[in-house]
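Quick note: the sequence shown uses the numbering used here, first residue 773, plus one each step.
These notes are about the structure you will find just below.
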Amino acid sequence: MSWIDSAFPRTATPTSLVGRVLGLNPGMMTGPGTNTYLIGRREPILLDTGAGVPDYLPLFERYMAERGWSQPSRVVLTHRHRDHLGGVEQLRTRYRGLRVAKMIYRDAGLPEQVENLRDGDTIEGDGVTLVALHTPGHASDHLCYYLPQEKAVFTGDVVLGGSTTVIPAEDGDLLDYMSSLKRLQSLDVRRIYPAHGPVIEDAQAKLTEYIEHRLLRERQILEALGDGLRTIPTMVERIYKDVPVTLHPVAAQSVASHLKKLAREGRVREHTQGSAPSRWELV
Ligand SMILES: [Zn+2]
């Protein structure tokens, strides 16, 4: 997949307030890897920590030294997935007493001693303010962070640079996800710093594209149901016929999340019969 870009820079300084260090964990789900951001003029706030790849820490320290910084002031996390908080331990070993905060929400596998962040909480750094925004859908505990000084938003996995996001069956929720996208759209936002891929300069256009992409998929699913397709595999086969078969399991998750949303809205109905795949129909 082209979005695993091996030429993606390992470190970057997009603006005077925002630096970026790559988590060095490339893959089908992470693209070039997880972006971690350093925000502020001095003693920056670190946003996300990557997956805990050993090579990340030396890269992080080198970038800090280049900027003339000795240590991050604190860490804020976007959500519970391993490729965002897996680096907490190595950073805490290196920087004793480093404060870490995230939204605590039905948490499993949370690093110890994490402070809770609520929707609307503000985090002050040197010349920067981050406003935490609860934006569930990809993950129930997901926070985006708004940076008013740049009219920018750190979107975590809600919006990605170069791919669409996955709504996991277990902890994801497409209805919540659509609300989160609309909430981001309602902000005075110009730039997006995603957790994977490059900076997005036209935030509003990207948010519109994301919303329209989901609405298109929804129409395709409703059409498939109208044409008598009943199971997720048959719908995936039709709707994703131009997508490599290796990605069909991910596509199936996406169709399942759409059906769950439509069921919550009372527009489709699920029939289960033993261990056979569910059959779906329009209401
Ligand atoms: Zn995630």
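Every residue, glycine too, gets a C-beta built ideally from N, C-alpha and C.
Here the structure is a predicted model, which is why all the values come from computation and not from measurement.
Per DSSP, cross-strand counterpart(s) of residue i
i     : result
I776  : Note: I776 sits in no beta bridge, so no partner.
L902  : I895
R846  : I817
R963  : A924
V1040 : L1054
N807  : L794
Y917  : A904 and F926
Q1045 : A1048
A873  : V848 and E887
G799  : G803
I972  : I964
Residue i (DSSP reduced to helix, strand or coil)
i     : result
S1050 : strand
Y949  : helix
R792  : strand
I983  : helix
H910  : coil
K978  : helix
A941  : coil
E833  : helix
E884  : coil
G998  : helix
T785  : strand
I735  : Past the edges of the chain, shown from 773 to 1055, lies residue 735, and the structure says nothing about it.
I1011 : helix
S1029 : helix
D855  : helix
A1035 : helix
A823  : coil
V931  : coil
P1016 : coil
R955  : helix
Rounded Cβ spacing between residue i and residue j (contact assumed at less than 8 Å)
i     : j     : result
C916  : T927  : 5 Å
L1090 : I983  : Nothing in the structure corresponds to residue 1090, since the chain is present only between 773 and 1055.
G858  : H910  : G858 to H910, Cβ: 17 Å. No contact.
H914  : T850  : 6 Å
Y877  : S912  : 6 Å
L819  : E922  : Going by Cβ atoms, the distance from L819 to E922 rounds to 13 Å, so no, they are not a contact pair.
D855  : T806  : 5 Å
V1015 : A1028 : Contact flag wrong, Cβ pair sits at about 16 Å.
E861  : G824  : 7 Å
Sequence-distant residues of its chain with Cβ nearer than 8 Å to residue i (five each side left out)
i     : result
Q957  : Q976, L979, T980 and I983
T1006 : A996
R782  : V793, L794, L796 and L831
I817  : L810, I811, P844, S845, R846, V847, V848, I895, G897, V900 and L902
Q1045 : R1051
D827  : L796
H853  : A911 and D929
M836  : L810, S842, Q843 and P844
R963  : E922, K923, A924, V925, V971, I972, E973 and A975
E1042 : L1031, A1035, S1050, R1051 and W1052
Contact set for residue i: own chain, Cβ-Cβ below 6 Å, skip 5 residues either direction
i     : result
Q1025 : A941
R813  : D898 and G899
R871  : R846
W775  : G803, G934 and S935
P966  : T927, V931, L932 and G933
E887  : A873
L1001 : M1007
G969  : G803, L932, G933 and G934
Near ligand 1: residue i beta-carbon under 7 Å from a heavy atom
i     : result
H1060 : Since the displayed the chain opens at 773 and closes at 1055, residue 1060 lies outside it and no answer follows.
D913  : no
D929  : yes
H1020 : no
H1030 : no
H910  : yes
Own chain residues within Cβ distance below 7 Å of residue i, not counting five before or after
i     : result
H1020 : V1008 and Y1012
R1036 : L947
Y949  : G909, H910 and I939
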